[in-house]
Amino acid sequence: MSTLFSTPLQLRSLALSNRLFMPPMCQYSAIDGLPDDWHRQHYVTRALGGVSLIVIEATAVSPEGRISPADLGLWNDAQRDAFKPLVEAIHAAGAKVAVQLAHAGRKASTSIPWLGKGQVPETAGGWGPIAPSAIPFDPADSEPQAMDQGDIDRVKKAFGDATRRAVEAGFDAVELHAAHGYLVHQFLSPLSNTRGDQYGGDLSGRSRLVRELVRVLRHELPASMPLLIRVSATDGLPGGWDVEECATVLKGLQPEGIDFVDVSSGGLAPGAKMVVGPGYQVGFASRIRAATGLPTGAVGLITSAEQVEQILISGSADAVSLGRLLLRDPYWPARHLAPEARRVPGQYLRAFS
Ligand SMILES: Cc1cc2nc3c(=O)[nH]c(=O)nc-3n(C[C@H](O)[C@H](O)[C@H](O)COP(=O)(O)O)c2cc1C
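In the working numbering, each residue carries its 1-based index in the sequence shown increased by 745.
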C-alpha cells in the first residue's frame, strides 16, 4: 500500500509532517475555561501518537458562548496564559496545534453529556443563550434571545480578542467553528435564521456574519498563520442549508484568507436525516474541494489505513481527521505511518520495531 498520508502538507508557513489530524473533541473538563492536567495528558498523548496537527476542542470566545459550563475558553488573559504550557508540551511531543474558536449560540448552557441531558437552568449555573432568531434548538428548550446589532458586534469583538490571545499563546493555527449547529452555522441556515435585517434573508445575508468573522480573525492572524474553518456541509433537513450553498459561501471566503476547510455535517436541529456509515462525509469534502479549489479535510467514521489512503489518492481531501479512533487508540498513527514518517519517542521504540 502507498502511504500518501505519510507525506507533508504545507498551509501558509505551517509545515505539517503528515496528513493525519486530531479533530476538535470537547472534553467538558475545564473550570473557568482553563486547560488543566486532564487537557495536558489528553492532548500530549495524541501528539506522541504521531498526528501532525491537533485541533484543540471548541474553545469559547465568551462565557455565554460555551456549550457547557465546563468548556475551555479564551475570553481572558488568564486562559491565554494557561494555554501557553499546553501548546509548548504539544510542540515538545512533535505535533503542531490549532485551537477551534467557538460560540454555541442557542446550543449554549447544556449539561456535561455524561452528567445529564439538555439545558442547564440559570439556577444551576446555566445562562440564557443568544441566537440569530428566537428559535430553540429543540422545541422542548427555552427560547434563545434574538441577537441585536450590539450582540453581533460583541460576538465579533470576542472572536477577534480570542484570536489575538491564541496567537499570543503560541498556537500554530486557528479554526473557526462554523459547524454542528453552533452560532455561525445558526446564522447560515434558513431554518435557524429568520432575521429580516442584513444578517438574514438570502444566502448573502445569512453568510454576512461568517464573512465578517473571517475578516476579523484574519486581521488578528499573522500572514504566516493559516486560518481553518469547520463547516457542516448540510443540515440534512428539508429546506435547510446544503452542500451547494456551503460551496458557494466558501468560494466567496477564499479571497478573505481561508486556508483549509474541515468538512463535517449536521447538528443544526434534531431529526436530521443523515445516513451515517464509514466515510459518510467524504463526498462533501470532495465536492467542496472541487468547487472551491481549497484544501479540505475529511472526517467521520474513518478508521482504516486503506480508507485514509483512498480518500487522499482519489483527491477527495488533503488531510484526514481521526476522532473517536484516537480516543480509543492514540498510537494508531505511529503504527500506520510509513517508517520514515513515524515520530515514535525513543522510550517507546521497542514497541514499534
Ligand atoms: C467526545 C467528542 C467531542 C466532540 N467535540 C467537538 C468539538 O468540540 N468541535 C467539533 O467541531 N466537533 C466535535 N466533535 C466531532 C468530532 O470532531 C468528529 O467530527 C466526529 O467525532 C466524527 O469523527 P470520528 O468518526 O472520526 O469520531 C466531537 C466528537 C466527540 C466524539
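The C-beta atom is built at its ideal place from N, Cα and C for all residues, glycine as well.
Quick caveat, the model's predicted, so the values are computed rather than measured.
Would you please state the rounded distance, in angstroms, between the beta carbons of residue i and residue j? I believe it to be under 8 Å.
{"i": "isoleucine 857", "j": "tyrosine 788", "result": "At roughly 19 Å, the Cβ-Cβ gap does not stay under 8 Å, so isoleucine 857 and tyrosine 788 are not in contact."}
{"i": "valine 1027", "j": "alanine 1062", "result": "7 Å"}
{"i": "histidine 848", "j": "glycine 810", "result": "4 Å"}
{"i": "glycine 984", "j": "proline 1015", "result": "Going by Cβ atoms, the distance from glycine 984 to proline 1015 rounds to 15 Å, so no, they are not a contact pair."}
{"i": "threonine 1041", "j": "alanine 1030", "result": "4 Å"}
{"i": "glutamate 965", "j": "glycine 905", "result": "5 Å"}
{"i": "leucine 817", "j": "glutamate 802", "result": "6 Å"}
{"i": "aspartate 1074", "j": "alanine 1017", "result": "Actually they do not touch by this definition, with Cβ atoms about 28 Å apart."}
{"i": "serine 762", "j": "proline 753", "result": "6 Å"}
{"i": "alanine 775", "j": "aspartate 781", "result": "7 Å"}
{"i": "glycine 917", "j": "leucine 819", "result": "Rather than glycine, the amino acid found at residue 917 in this sequence is aspartate. With a Cβ gap of about 15 Å, aspartate 917 and leucine 819 do not count as contacting."}
{"i": "valine 806", "j": "alanine 923", "result": "No, valine 806 and alanine 923 are not in contact; Cβ-Cβ is about 13 Å, not under 8 Å."}
Have a look at the options and flag the residue whose alpha-carbon is nearest the alpha-carbon of residue i.
{"i": "glycine 873", "options": "Gln999, Ser813, Asp1074, Arg791", "result": "Ser813"}
{"i": "isoleucine 799", "options": "Val844, Gly863, Gly1045", "result": "Val844"}
{"i": "lysine 852", "options": "Ala838, Ala885, Ile776", "result": "Ala885"}
{"i": "alanine 840", "options": "Ala815, Val796, Asp1007", "result": "Val796"}
{"i": "glutamate 867", "options": "Leu860, Val919, Gln824, Thr855", "result": "Thr855"}
{"i": "leucine 972", "options": "Leu1039, Gly1012, Val1089", "result": "Leu1039"}
{"i": "arginine 1088", "options": "Thr1037, Gly794, Thr748, Ser758", "result": "Gly794"}
{"i": "leucine 1057", "options": "Arg1034, Arg1073, Pro1075", "result": "Arg1034"}
{"i": "aspartate 896", "options": "Arg910, Leu954, Val912", "result": "Leu954"}
{"i": "threonine 908", "options": "Asp898, Arg899, Leu921", "result": "Leu921"}
{"i": "valine 1044", "options": "Gly945, Leu1067, Leu756", "result": "Leu1067"}
{"i": "valine 994", "options": "Gly1011, Gly981, Val976, Ser1010", "result": "Val976"}
{"i": "serine 751", "options": "Leu1094, Phe1097, Val1065, Ser1098", "result": "Val1065"}
{"i": "alanine 891", "options": "Ala879, Ala924, Arg899, Asp883", "result": "Ala879"}
{"i": "valine 912", "options": "Gly870, Met970, Thr939, Gly863", "result": "Met970"}
{"i": "glycine 1024", "options": "Gln1055, Ile1003, Leu998, Gln999", "result": "Gln1055"}
{"i": "glutamine 772", "options": "Ala837, Ala815, Tyr1076, Lys862", "result": "Ala815"}
{"i": "arginine 1032", "options": "Ser1059, Tyr944, Leu1046, Gly1012", "result": "Ser1059"}
{"i": "glutamine 943", "options": "His1081, Gly871, Gln894, Glu1085", "result": "Gln894"}
{"i": "arginine 757", "options": "Ala968, Ala1086, Ile974", "result": "Ala968"}
If I measure Cβ to Cβ from residue i and keep anything under 6 Å in the same chain, skipping five residues before and after, which residues do I get?
{"i": "glycine 850", "result": "Ala876, Tyr927, Leu928, Gln931"}
{"i": "proline 1078", "result": "Leu765, Gly794, Gly795, Val796"}
{"i": "alanine 978", "result": "Val988, Cys991, Val1008, Ser1010, Phe1029"}
{"i": "threonine 748", "result": "Ala1083"}
{"i": "leucine 1071", "result": "Met767, Arg791"}
Spatial neighbours of residue i within its chain, please: CB distance less than 7 Å, with the 5 preceding and 5 following residues excluded, ordered by chain position.
{"i": "glutamate 1001", "result": "Arg956, Val959, Arg960, Arg963"}
{"i": "lysine 829", "result": "Ala914, Gly915"}
{"i": "lysine 996", "result": "Ala1036, Thr1037"}
{"i": "lysine 901", "result": "Glu957, Leu958, Val961"}
{"i": "glutamine 1052", "result": "Pro1023, Gly1024"}
Regarding residue i and ligand 2, is the C-beta to nearest heavy atom distance less than 7 Å?
{"i": "proline 768", "result": "Ligand 2 is not part of the structure shown, which contains ligand 1 as its ligands."}
Helix, strand or coil for residue i? Go by DSSP, reduced to three states.
{"i": "glycine 1038", "result": "coil"}
{"i": "glutamate 867", "result": "helix"}
{"i": "glutamine 931", "result": "helix"}
{"i": "threonine 804", "result": "strand"}
{"i": "glutamate 888", "result": "coil"}
{"i": "serine 878", "result": "coil"}
{"i": "lysine 1111", "result": "This structure leaves residue 1111 out entirely; the chain is present only between 746 and 1098."}
{"i": "lysine 996", "result": "helix"}
{"i": "glutamine 1026", "result": "coil"}
{"i": "histidine 848", "result": "coil"}
{"i": "aspartate 883", "result": "coil"}
{"i": "threonine 908", "result": "helix"}
{"i": "histidine 925", "result": "coil"}
{"i": "glutamine 1052", "result": "helix"}
{"i": "lysine 841", "result": "strand"}
Grab me the residues of residue i's own chain with a C-beta within less than 8 Å of its C-beta, minus the 5 sequence neighbours each way, in chain order.
{"i": "arginine 940", "result": "Pro877, Ser878, Ala891, Gly946, Gly950"}
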